[in-house]
Every structure is written in C-alpha cells, then in structure tokens.
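Student: Numbering (the working numbering), first residue to last: 22 to 480.
A virtual CB, placed ideally from N, CA and C, is assigned to each residue, including glycine.
Sharing a structure, written as structure tokens. Questions coming.
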Amino acid sequence: MNRVLKVALICGVAVTVASCGTVRRNLPFGLGGKEEVGATASAGQRISVLEFEQSLTPSAALSGRDFFLPGPQAITAWTQPGGTSENLVEHVIAAPNFQIAWKRNIGEGSAHVGNVMAPIVAADGKIFVLDGESTVSAVSADTGEVLWKANVKNADRDRNGGFGGGVAVGGGKVFVSSGYRSMSALDANTGAVVWTQQVDAPIHGAPTVSGNRVFVVDVDSQLFAFDAATGAQDWTYRGIAEPARVMRASSPAVSGNTVVAPFASGQLVALSALNGQAVWEETLSRTSRTSALSEVRDVAGRPVISRGMVYGVSHSGVLSALDLRSGQAKWQLPVTGVNAPLPVGDAVYVVSKSGQLITVNRDTGQIYWTRELNEGRVRKEGGFFGLFDRELTPQWSGPLLASNRLVMVNSFGEAVAFDPKTGAAQTTLKLGAPAYIAPAAYNGALYVLTDNGQLICIR
C-alpha cells in the first residue's frame with residue numbers, strides 16, 4: 022500500500038469514527054473535536070460540572086460602572102519578592118514607553134535540574150537575581166553590568182542537586198533561600214557571605230524581610246524566623262505537610278507584628294512575628310470530585326495584605342478576602358490561581374490558572390469584568406497530518422499596574438500591557454524566551470527575568 026493511500030485511509034477512518042457522537046467523546050487528544058456545552062442538558066448529553074462550578078459571571082449591578090484606581094507613584098526600592106513586606110505595590114511609575122532598553126545574561130536558565138523561580142529585588146542602584154544554579158548576581162539597574170556574583174550551592178551536602186529559592190534585600194544585606202537546604206545573608210555591595218544557616222528541607226520560596234527578622238517557608242511547610250543580623254533561628258512554625266505542590270515561589274506577607282504564611286496544604290496562617298504564636302488559620306480549599314488537580318491545594322501565589330485585609334488564592338480554587346485581625350472571610354470566589362492577587366483602589370485583579378483576568382470589587386467580591394487572556398494565543402503542536410495535535414496555551418504571571426497599564430508576562434515569551442479599566446490588550450513585547458516570574462518595578466523601569474536566565478529592562 023503506497024504512502025498516499027495509507028494517509029487517505031487513516032484520515033477516512035478518523036472522520037468516520039469521529040462522526041459517531043458516543044465514540045467522538047472518547048477519542049484521545051481531542052481528535053473528534055469538542056461538543057458545545059449548553060446550559061441545559063438534553064437526554065444523553067453531558068455537562069462539565071467543573072466548568073459550571075467554576076464559572077464567574079460579571080455582576081449586572083456593576084455592568085459599565087467605573088472604579089477608582091490611584092495614580093502611579095515613583096518606586097525607589099523593590100526589596101521584597103512582592104515589592105514590600107506586605108507583598109503589595111499598588112500603582113508604579115514605570116516603563117512609560119514600554120520598550121526594551123537592554124538584555125543581559127545573568128547565569129544559568131532552567132534545565133533538567135535547576136529552575137529559574139526567584140522574583141527580582143532591587144535597591145541602591147542594583148538589581149539582585151538568582152539563576153537556575155543558585156548563583157546570586159548583583160546587576161547595575163542602569164546598564165545591566167554584572168557587579169558581582171556569589172553561589173550559595175552546597176554540592177557536598179546535597180549531591181542530588183537542588184533548585185528554587187529566592188532573594189530579598191534589607192539593611193545592606195541580600196538574603197538568599199536555596200533549594201540546597203540553606204538560608205544565607207550576603208553583603209549587598211560585595212557578595213561576601215555574612216552568615217549561613219543549614220535547614221533540613223529544601224526551600225523553594227523566596228524570603229521576606231521585616232524589621233530584624235527574615236521569614237521563609239520550606240517544602241515541608243515549616244515557617245522559619247531568622248535573626249537578620251546573626252542568622253540565629255528565633256522560632257519556627259510547622260503547617261500541615263503536603264507532598265503535592267506547584268512550581269512557584271511563594272513568600273510570607275508581613276504587616277507590623279503579624280506574619281501571614283502560605284502553605285502547600287492550602288493553609289493561610291497568621292502568626293505573631295515576635296514569637297510565632299498562631300493567631301488564626303484559614304484553609305483555601307474547595308475539593309471537587311470531578312478534578313484530581315483540585316487536590317493540589319497549594320497557595321502558590323503570595324498572600325497580599327492591604328487595608329487590614331488579606332487576599333489569597335489557591336490552586337484548589339478559592340480566592341478569599343480575609344480580615345487581618347480575625348481571619349474571618351469577607352467574601353470568596355471560585356478562582357484557581359497560582360499568582361498573587363493585586364488589590365488596588367476599588368478593585369482586586371487576579372489571573373486564573375486557565376488564563377482569565379478577573380477584576381473584582383474590593384468590598385463586595387462582585388465581578389466588574391473578566392477577560393480571556395489566551396484568546397488568539399492557542400497553538401497546536403506535535404500532531405501528525407493534523408491528527409493528535411495538542412493545544413498549547415500560555416501560562417501568565419502578574420499582574421503589575423505600571424503607568425496606567427496592567428502588565429503581565431507569559432510562557433510564550435511575551436510582555437503584554439492591558440487597559441486596567443477594560444482589560445483590552447494594548448501593547449505586546451517579544452521577550453525572546455518564556456517568562457514565568459512577574460515583573461518588578463524600580464526607578465522608572467520594569468525588570469523581567471526569563472526562563473533562560475536573561476534579565477530584561479523595559480523603559
């Protein structure tokens with residue numbers, strides 16, 4: 022049988038089989054196409070319970086209603102993974118032209134072992150980044166010149182390798198957590214090691230510095246409080262251990278003497294920063310029998326503290342606004358997310374894992390509008406003559422409100438600016454590599470770290 026006849030036979034069989042509705046639903050890789058899901062099921066028709074359960078509908082009462090956003094402010098320090106210890110910077114003056122100024126390779130990108138996971142921090146004219154092989158670089162914020170490098174890897178202690186971690190800066194030191202089971206402080210001007218503390222489990226999340234303490238969570242759901250000056254361990258708190266996690270670098274939020282720590286179990290726990298005594302606990306979990314992924318409860322996006330409220334979102338499908346003092350929920354929405362929410366002005370922005378930008382009223386939890394970020398961005402790859410194609414959609418990180426633009430990056434190597442009032446796409450920049458870490462703002466510019474270890478300055 023010649024090649025043309027074989028291809029014709031394959032196509033003919035596929036079309037014939039796909040024409041049967043019962044079989045079409047069971048064809049792999051979406052070969053038979055998708056049936057449209059209606060609001061009411063007729064006899065024999067199936068409705069996706071998960072889609073119905075997670076549907077988010079804009080409020081009719083808020084339709085067409087404007088909301089307040091504060092004007093942009095100059096940012097002269099971005100010392101924490103979320104900008105501040107509360108993991109919140111509302112609206113920044115940054116990248117007014119939205120053009121790439123320079124790109125610099127800062128080290129190793131993600132590979133079969135290492136992963137670029139650490140958010141960018143900045144202070145005193147320097148950008149601090151952590152590459153996929155646990156090397157910290159201090160880079161000139163103006164030119165991109167590498168000023169110093171320091172590696173915190175301990176290969177003798179962890180011969181199987183490690184990945185993850187993050188950086189924060191404060192008091193002239195760069196604090197570095199590592200997947201090689203360590204927490205270190207480096208001199209911010211030279212990179213010299215000030216102190217190092219070994220821990221029992223890898224640390225994939227970045228630290229948060231507040232006052233004279235450094236807070237960080239390891240992969241065994243243990244929160245550590247280290248003395249920032251000496252590295253001495255002040256106290257620890259152990260959450261519920263959970264083996265299923267999301268590959269994101271979450272960090273505690275700190276406001277005054279209260280620490281809000283995220284855990285892979287879906288727990289948000291508020292504790293006293295002085296002694297680690299638990300104040301309240303809330304689990305952001307919504308188990309669905311239709312989705313095994315809902316069993317991954319990780320609070321992978323940083324919790325955010327704003328105006329006496331805590332905003333958090335879990336992979337299990339809960340976006341919640343909680344009172345900082347009591348932990349009582351003001352409102353909740355069925356959102357599955359791995360990025361930090363952004364409360365700003367009257368609104369709370371959040372990006373769902375499926376690529377939906379959702380804008381929520383801060384006070385009521387009602388939805389102003391939603392936007393499908395992946396519209397027009399779906400790719401099909403890996404097929405054979407158009408058969409067995411798999412659909413690829415980008416993963417989004419952000420948002421950050423900068424100079425009246427809502428800026429996000431994605432795994433397709435784009436930085437995209439959206440209108441913060443409508444969600445309409447405005448400008449797209451090609452970064453040249455996937456980006457999984459939300460941008461940081463500093464001295465009028467945005468900085469993005471791509472998955473191949475390239476630092477990009479956008480002005």
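My output table needs one value for alanine 274: the three-state DSSP class, helix, strand or coil.
Tutor: Residue numbering aside, residue 274 sits at position 253 when the sequence shown is read from its first letter. Three-state result, alanine 274: strand.
Student: Pop quiz: alanine 361 and valine 325 are said to be a contact at Cβ under 8 angstroms. What is the actual Cβ separation, rounded to whole angstroms?
Tutor: Counted from its first residue, the sequence shown places residue 361 at position 340. Counted from its first residue, the sequence shown places residue 325 at position 304. Right, their Cβ atoms sit about 6 angstroms apart.
Student: State buried or exposed for proline 223, treating a residue as buried only when at least 16 other CB atoms are found within 10 Å of its CB.
Tutor: By 1-based counting over the sequence shown, the position of residue 223 is 202. Its Cβ being crowded by 16 or more others within 10 Å, proline 223 is buried.
Student: Run through DSSP, which three-state label would leucine 83 get?
Tutor: Taking the first residue of the sequence shown as 1, we reach residue 83 at position 62. Leucine 83 falls in the helix class under three-state DSSP.
Student: Using 10 angstroms around the beta-carbon of alanine 459, count the other beta-carbons present and answer buried if the total reaches 16, otherwise exposed.
Tutor: By 1-based counting over the sequence shown, the position of residue 459 is 438. When all chains shown are included, alanine 459 counts as buried.
Student: Do the CB positions of leucine 292 and valine 275 come within less than 7 angstroms of each other?
Tutor: Sequence index remark: in the sequence shown, residue 292 carries index 271 (1-based). Sequence index remark: in the sequence shown, residue 275 carries index 254 (1-based). Not a contact, by the Cβ cut-off of 7 angstroms.
Student: Report yes or no: do three or more beta-carbon pairs, one from the stretch 372-380 and one from the stretch 408-423, lie closer than 8 angstroms?
Tutor: Yes, the stretch 372-380 is in contact with the stretch 408-423.
Student: Provide the residue span of the beta strand (DSSP E) that contains alanine 423, from first to last.
Tutor: Indexing the sequence shown from 1 puts residue 423 at position 402. Here the beta strand (DSSP E) through alanine 423 covers 417-423.
Student: For isoleucine 121, write down the residues that DSSP places opposite it in a beta bridge.
Tutor: Your numbering for residue 121 matches position 100 in the sequence shown. Ile479, per the DSSP bridge assignment.
Student: DSSP three-state call for aspartate 367: helix, strand or coil?
Tutor: One-based indexing of the sequence shown puts residue 367 at position 346. Of the three classes helix, strand and coil, the one that applies to aspartate 367 here is coil, per DSSP.
Student: Taking the alpha-carbon of serine 106 as reference, which of Glu154, Ser271, Thr257 and Glu263 has the nearest alpha-carbon?
Tutor: Counting from 1 along the sequence shown, the entry for residue 106 is found at position 85. Ranking Glu154, Ser271, Thr257 and Glu263 by Cα distance to serine 106 puts Ser271 first.
Student: Does the stretch 113-131 come into contact with the stretch 252-265, if we say contact requires no fewer than three beta-carbon pairs (one atom in each stretch) closer than 8 angstroms?
Tutor: As far as the Cβ criterion goes, the stretch 113-131 does not touch the stretch 252-265, which means the pair count is below three.
Student: Would you check if there are 3 or more beta carbon pairs closer than 8 angstroms linking the stretch 210-221 to the stretch 234-251?
Tutor: They touch, by the three-pair rule.
Student: Kindly provide the ranges of any alpha helix (DSSP H) runs that are 4 or more residues long and lie completely inside the stretch 435-462, ordered along the chain.
Tutor: Segments of the alpha helix (DSSP H) lying fully in the stretch 435-462: there are none.
Student: Compare the beta carbon distance of serine 286 and isoleucine 261 with 7 angstroms and say whether it is the shorter of the two.
Tutor: To locate residue 286, count along the sequence shown from 1; it is residue 265. To locate residue 261, count along the sequence shown from 1; it is residue 240. For serine 286 and isoleucine 261, yes; Cβs fall inside 7 angstroms.
Student: Less than 7 angstroms between the C-beta atoms of aspartate 8 and alanine 454, yes or no?
Tutor: The structure shown does not extend to residue 8, since the chain is modelled only from 22 to 480, so the question has no answer here.
Student: Taking the beta strand (DSSP E) that glycine 191 falls in, what are its first and last residues?
Tutor: Taking the sequence shown and counting its residues from 1, one reaches residue 191 at position 170. 186-191 is the extent of the beta strand (DSSP E) around glycine 191.
Student: Taking C-alpha atoms, which residue in Ala466, Tyr457 and Tyr389 lies nearest to alanine 81?
Tutor: Here residue 81 refers to the residue found at position 60 of the sequence shown. The option with the nearest alpha carbon to alanine 81 is Tyr389.
Student: Alpha carbon to alpha carbon, how far is threonine 229 from alanine 462? Give it in angstroms, no decimals.
Tutor: As a working note, residue 462 is residue 441 in the sequence shown. As a working note, residue 229 is residue 208 in the sequence shown. For alanine 462 and threonine 229, the distance between alpha carbons rounds to 17 angstroms.
Student: Locate the beta strand (DSSP E) running through serine 203, then write down its first and last residues.
Tutor: As a first step, residue 203 is located in the sequence shown; it is residue number 182 there, counting from the start. Element bounds for serine 203: 203-208.
Student: Relative to the C-alpha of tryptophan 352, which candidate in Thr385, Gly376, Gly322 and Ala368 has its C-alpha closest?
Tutor: On the sequence shown, position 331 is the one that residue 352 refers to. Nearest C-alpha to tryptophan 352: Thr385.
Student: Is glycine 8 near leucine 109, with beta carbons less than 7 angstroms apart?
Tutor: Not covered by the structure: residue 8. The range shown for the chain is 22 to 480.
Student: So which of Tyr201, Asn382 and Gly226 has the shortest CA-CA distance to valine 320?
Tutor: Locating residue 320 in the sequence shown gives position 299, counting from the first residue. Valine 320 has its Cα closest to that of Gly226, out of Tyr201, Asn382 and Gly226.
Student: State the DSSP-derived secondary structure class of phenylalanine 247, mapped to helix, strand or coil.
Tutor: Within the sequence shown, numbered from 1, the residue matching residue 247 stands at position 226. Residue state, collapsed to three classes: strand.
Student: Using 7 angstroms as the threshold, is the C-beta distance between isoleucine 479 and leucine 467 below it?
Tutor: Mapped onto the sequence shown, residue 479 falls at position 458. Mapped onto the sequence shown, residue 467 falls at position 446. Contact: yes.
Student: Look up alanine 213 in the DSSP assignment and say whether it is helix, strand or coil.
Tutor: For the purposes of this step, residue 213 is taken as the residue at position 192 of the sequence shown. Residue state, collapsed to three classes: coil.
Student: Using CA atoms only, rank isn't needed, just tell me which of Pro264, Leu450, Ser198 and Gly277 is closest to valine 238.
Tutor: The residue you call residue 238 lines up with position 217 of the sequence shown. Valine 238 has its Cα closest to that of Ser198, out of Pro264, Leu450, Ser198 and Gly277.
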